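Below is one structure, written out as structure tokens; the observations come after it.
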Amino acid sequence: MKKRLSAAIGLLIALTGGLFYFGPKTVYARELTEDQRVIDFEDRKEGAQVLSGKYEDCNFGNMGWNTGEAGGSVKLWADSLTRDGQVNKIAIPYGNIFRGFSASCSESATIEVISGSESNTFKIGSEEKEYTTDFVLNNMAVYLVIRCEDGVSDVKIDNLVLEETDMSKMNISEGKPVTTSGDCERPASNGNDGNYQTMWVHNGGGANKWWQVDLEDQYVLTDYEITFEKEESNPWKYKIEASSDGEHFDVLADKTQNEETAKIQKGTMDAGTEYRYVRVTITGLPGESYWCAFAEFKVFTENMMTNVALGKETAQSDGNNSASLGVDGDMNTFAGNSPSFPYWWTVDLGKSYQVKKVEIEWEDLYDGETNLAEDWKYKIEYSADGGSTWKEVADYTSQTPYTDPVTSVLQSKECDIECNTLKVTITDKPSQRPLAWAAIPEFRAFAVDTDPVVPEEPGQNINIDTAYGQPVRASSSADGFAASNTTDYMENTTWKPADTKEAAYLQVNLDRAYRIRNHTVDFASSPEAYKLFVSSDGKKWIELADITAQNAGKKHSVKETEAQYVKFEFPNPSDALEIKEIHFDALDAGHADGRKILVLAPHEDDEMLMAGGIMKRALEVGEDVRVLLATNGDYNGKSTGEGRIVEAVNALDKIGLSKENILFLGYADTGGLGGAQTYQDSFLYKLYTGGDEEVFKSRWNNEYTYGNSQVKQDYHYEKWGEHAAYTRANFLNDLQTAISEYCPTDIYVPSRYDMHFDHTYLGMFAIEAIQNIQKQKPDYNPILHESIIHSCAGDNNWPIVNSDAQGILALNMPEGLEKLTMFKWDERENVNVPYSMRQTPFAFNLKDQALRLYTSQYYGYIGSFAKVNEIFWPRDFSSIAKKATVTASSQQQNSDKKIDQSAVKAVDGIRDGYASGLPHGHTRYPHAEWVTAQETTGAWINLEFEKVEKISKVLLYDRPNSKDQILDGKLVFDDGSEVEVGKLPNNGRPLEVQVDKESRNVRFVVTSVSESTENVGLAEIEIY
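Each residue of the sequence shown is one higher than the one before, counting from 3 in the numbering used here.
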């Protein structure tokens, strides 16, 4: 998206301090031209009502827009869903420009109007005013980004102005060679570069300076358009001449006595003959200090050229986004989004055309304030036989002329080819974007079309279905018909109750309170009667709806009601009852729980990937948030580490977290993801399994913590005035001190099932730090929310890469999760992100916007974490087992921490041990379990407390490998009583044993094992 900037002419700034303002204007009494029309909503006077679907040839989408009486007339407004730049879309008819609107609000607001690569921002006040855009391009997708502290719905909009454009004309001057009468303060090429933010400025004062374009062929000229920097009270004066040979010129438009003051001026040229050269001579200036200049000059031919690729059939080699998005007329959506190079994409024009120009408009990306060049490597080919044979139009695979950030966005090639199919092959990414994926925002092909197809743009598609992606409880479920199928948005999955003799139900327990708006049930069978209940505590239920079978299957609105639990009950289910999906739209109730949140991230970007929504929502309701970054992500050197610190500060600032609440521990990143690296390359793995005072080095031989002196120093330096050596003791002390001083109620960290060992071992360090803190602060019991960023399914398979065509998705279960780990999908904590992070297109999604600020890291995989939800597996630290003195019948103690399997490891807080099966030879955690010295039946472990403890339950975790399994055992207490425990799950999942005892000792004795068992033991024992 191009940025609107104020421009200065020549030395005028230095001489007078003045600025010419280039941008939209505000007017107070609109006079419509003959090609403009107004949409005023006055025929919708029936009170407040939703505006959806088609209205006055515009498409307002599925929901989110409303109309009703306000201030004496009917106004348009949007639902208040977020205060963080809420985007609402209006799809306008083809061949129109969104020219303006009127608006007002209670106090103040801003509306940014975005149309393709153009944008205008307007300040809205309490007085209704009319606002006019300066757009020159016709784009059907118009986005209004509204910001208002009183809520988006406080902004009332009226009188939408659409301006019809002549789609039969073709600008033949853009990008053509230019010359001028003398030196230029700003390049002559700015005058026909298609960018209205750049200007041609002649060097020096005075009039009678000329600018000339070579059209490179002879054309019959029909119209011109010249854009100056702004409207002037004293008009520019000029003349337009044309020549066929560059020497003899005819005057086609004489404006030497011009009285028109508009910024954009248009006219016709009744030439009748063909010309190649067109010259603009400035004969009069608006003021003495002005220099000869203009922003853009266009000249049009009588040939009726249109974009014949728009809306046509497409295909591609691969990609997460639909190929059709490359010709949908919307610059905010992309075809492809593929990590594979070369990537090819084709468009079938449907019939043969004489194509005169092809062009690609790329995404205009910035790294902070630095505009990045879109110097993609690609070629364009054409075919006249449907793709059997190809010929070249342009080849930029080895070298491209588009290295300038400003002019590289729109890349075009003049041609004269007869074809019915066009092909783009992208062979490499831009030089400044090493992680970019192949994508085509918009491709165009211009030709004469005597029978054009008029394309249509869909309206906005808002999704606030809070059921989507949620875990679901059911009264019962038939085999293969899980309750979770009703919130997965999958066509081929359904739920059926196993028992239909009594009422059946589906229940969703939400992460927080929401305001329920409506509900729907999608039936795979014939619709059946159901009731909707809600509850704030899961105990007392309120009936919101009683739906008959005749009305089931439709969307039903309810009185907006606050709830955290939602239940769909089918009171008389038939044997055929089968449900596809349940839905309910809801908005966050906005309650704060007084939490203090700490996000622990191994590298700069992990905090946003796993918990961007957690942080944003907490900040919205006034809860405390801090982020701790363990390493500087400096795998590629110190400068990379310092740069990633800047990226993290910028990204977290985007969601509202100041750098004062960010802690950089400043340790090294030496790899550890597996694959090309090994897990054991992980720096945090080395620290965790190393000696307390053993000093480790980074890949570039650094041994001390560091930060970025220009942004923020490392935590150890900030606290103690010196950098810390890279040792286990220092890292644990830094982490432990940071947690202890803040005492967060909720800590978010990657889990032991994250396939990057830096992620894994930061989680293990966190567990160790919390248990150490509890020795000094026994009442401290935070909730640890464990997440997954790099899953056992592999980064290429999870999460699903985003696509504007399919809308925002929910995180799904990674393949192999329940088979290869001890996590259960239905036990996850499913947290909905704030609406600002649910918005689409993704160009307007706050989480995606924040992730893009990690400029050295962003690519499709990183962006794929912008989902409707974030998932965790929570646990607390109330087990008293860690307070006990632990002894055992035997143990495999070792001075090497990597393989130490002492008895005390059964109370280390890590619910895991050795097991195989994860990718790249990942063997889980042999150092986290107690293992006997080749004992089986008769082995025991004893926990002795300092005093008699009241014990209600014991959780036993067997060793997670499949070979060693406890088939039976008993718990023995001080009074001699015993509790039989039975068989422990063979995958390390816990067995909960209710005991209700008072005892100073708890002894677990193994009484039976499997035939394959060689070394019995426990991954963990917990006592509550």
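Beta carbons: idealized from backbone N, C-alpha and C, even for Gly. Here the structure is a predicted model, which means the values were calculated and not measured.
Tell me the DSSP secondary structure of residue i in three-state form.
| i | result |
| --- | --- |
| Y782 | coil |
| K647 | The sequence shown places Ile at residue 647, not Lys. Of the three classes helix, strand and coil, the one that applies to I647 here is helix, per DSSP. |
| T28 | Here T28 scores only 41 on pLDDT, less than 50, and its place in the model should not be relied on; the value that follows carries that caveat. In this structure, T28 counts as strand in the three-state DSSP scheme. |
| A396 | strand |
| D377 | coil |
| T762 | helix |
| T522 | strand |
| A620 | helix |
| T739 | helix |
| R913 | coil |
| Y23 | Because Y23 carries a pLDDT of 31, less than 50, the predicted location of this residue cannot be relied on, and no value is offered for it. |
| Y404 | coil |
| Y292 | coil |
| I466 | coil |
| T275 | coil |
| T691 | helix |
| N832 | strand |
| R926 | strand |
| D430 | strand |
| S75 | strand |
| N847 | coil |
| T18 | With a pLDDT of only 27 at T18, under the threshold of 50, the placement of this residue in the model should not be trusted; the figure read from the coordinates follows. Helix at T18. |
| T1009 | strand |
Please determine, among the options, the residue with the shortest C-alpha to C-alpha distance to residue i.
| i | options | result |
| --- | --- | --- |
| S170 | K232, N98, A941, W213 | N98 |
| I159 | N799, K556, K77, G269 | K77 |
| I419 | A386, A441, A440, D451 | A386 |
| D42 | N161, L853, M766, G614 | N161 |
| D595 | G208, E625, K640 | E625 |
| D910 | E1022, M824, I943 | E1022 |
| S881 | G592, K714, Q776 | Q776 |
| M617 | T285, E44, S1010, I749 | I749 |
| E109 | L689, D152, R281 | D152 |
| Y837 | R46, T747, G66, W293 | G66 |
| Y240 | E276, S528, P288 | P288 |
| T522 | E571, E583, A480 | E583 |
| R913 | G765, D524, I790, S1012 | G765 |
| L675 | S789, K232, D797, D694 | D797 |
| I466 | G940, S75, G978, S82 | S82 |
| Y292 | A255, N210, G328, N704 | N210 |
Looking only at its chain, what residues have a beta carbon closer than 8 Å to the beta carbon of residue i, apart from the 5 residues adjacent to it on each side?
| i | result |
| --- | --- |
| F846 | G87, V89, Y145, V147, N334 |
| L2 | Because the chain spans 3 through 1026 in this model, residue 2 falls outside it and cannot be assessed. |
| N463 | G63, N64, G809, T842 |
| E951 | I882, E1000, S1001, R1002, I1025 |
If I measure Cβ to Cβ from residue i and keep anything under 6 Å in the same chain, skipping five residues before and after, which residues do I get?
| i | result |
| --- | --- |
| A620 | I599, V627 |
| Y719 | H725 |
| T691 | K899, K900 |
| V1 | Since the first and last residues shown for the chain are 3 and 1026, residue 1 lies out of range. |
Does the ligand ZN have even one heavy atom less than 6 Å from the beta-carbon of residue i?
| i | result |
| --- | --- |
| S684 | The ligand content of the structure shown is nil, which means the ligand ZN is not present either. |
For residue i, collect the residues of the same chain with a Cβ closer than 7 Å to its Cβ; drop the 5 residues on either side in sequence, then sort them by chain order.
| i | result |
| --- | --- |
| Q118 | A small correction: the amino acid at residue 118 is Gly; Gln does not occupy that position in the sequence shown. Counting only Cβ-Cβ distances below 7 Å, and skipping sequence neighbours, we find L139, N141, M333. |
On the three-pair Cβ rule with 8 Å, is the segment 958 to 967 touching the segment 987 to 1003? yes
For the segment 101 to 183, which segments carrying the beta strand (DSSP E) assignment without a break, of at least 3 residues, lie completely within its bounds, in sequence order? 111 to 117, 120 to 126, 131 to 134, 143 to 149, 158 to 166, 180 to 182
Counting Cβ pairs closer than 8 Å, one from the segment 926 to 937 and one from the segment 886 to 900, do we hit at least three? yes
Using 8 Å as the threshold, is the segment 296 to 314 in touch with the segment 448 to 463, meaning 3 or more CB pairs across them? yes
Taking contact to mean 3 or more Cβ pairs, one atom from each stretch, closer than 8 Å, check whether the segment 756 to 770 and the segment 856 to 872 are in contact. no
Sufficient close CB pairs (3 or more, under 8 Å) joining the segment 429 to 445 to the segment 815 to 824: no
Beta strand (DSSP E) segments (min. 3 residues) lying fully within the segment 545 to 625: 558 to 572, 581 to 585, 588 to 590, 598 to 603
Is there contact here, the segment 340 to 347 with the segment 468 to 475, by at least three beta-carbon pairs under 8 Å? no
Three or more beta-carbon pairs under 8 Å between the segment 179 to 188 and the segment 207 to 222, yes or no? yes
Between the segment 649 to 661 and the segment 680 to 690, are three or more C-beta pairs nearer than 8 Å? no
Within 8 Å, do at least three Cβ pairs link the segment 726 to 736 to the segment 658 to 670? yes
Inter-stretch contact at 8 Å, needing at least 3 Cβ pairs: the segment 965 to 981 / the segment 1007 to 1023: yes
Whole beta strand (DSSP E) runs in the segment 879 to 904 with 3 or more residues, listed along the chain? 887 to 890
contact_flag[the segment 707 to 716, the segment 738 to 753] where n(CB pairs < 8 Å) is 3 or more: no
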